[in-house]
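To keep things clear, I will list the structure first and then write my remarks on it.
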Amino acid sequence: MASPSLKELTEQHQTRFILALFVDLNGKPCAKLVPVEAVDQLINEGVGFAGYAAGAMGQEPKDPDIMAMPDSSSFTPVPFIREGLAIVHCDPHVEGKPWGYAPRVILKDMVAKAAARGTNPTWAPRSSISC
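Written out as structure tokens, the structure is:
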């Protein structure tokens, strides 16, 4: 059975606004609030960010904008923050291609390379605190 689309998820959860976000290489979130009436545009075109202003993303002022493309599998309603609000994580794209300096893009690439080698990696957060 196919996973529900982002549009279907917003309808099922009576979503009014989507917080479309990605993080830069330092883990700083970059987000825009998208009204549900613009969900088709979000799905087809993404939401634009000035790459240089978005943070540590490997861009200079002269570079093209980053388009954050939503990953519907990350759709998470957050009614405890605000009724009708949901979060969706995005993969940054530049000129129609996944941006290689984005943490989610890097991770997906690493997982694909591991799978090509016949391994199934396990990921877990690591604390930088040592005793």
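Residue numbers are given in UniProt numbering: position 66 of the sequence shown equals residue 66, and the series is strictly consecutive.
Just so it is clear, CB atoms sit at the ideal spot from N, CA and C, and this is done for glycine as well.
No experiment lies behind these values; they were computed from the predicted model shown.
Its Cα nearest to that of residue 67, the residue 44 stands out among 44, 106, 15, 122. One Cα belongs to residue 14, the other to residue 71, and the distance between them is close to 18 Å.
For residue 18, the beta-bridge partners assigned by DSSP are 34, 86. Three or more Cβ pairs drawn from the segment 85 to 101 and the segment 5 to 24 lie within less than 8 Å of each other, which places the two stretches in contact.
Residue 124: not part of any beta strand (DSSP E); DSSP gives it neither H nor E.
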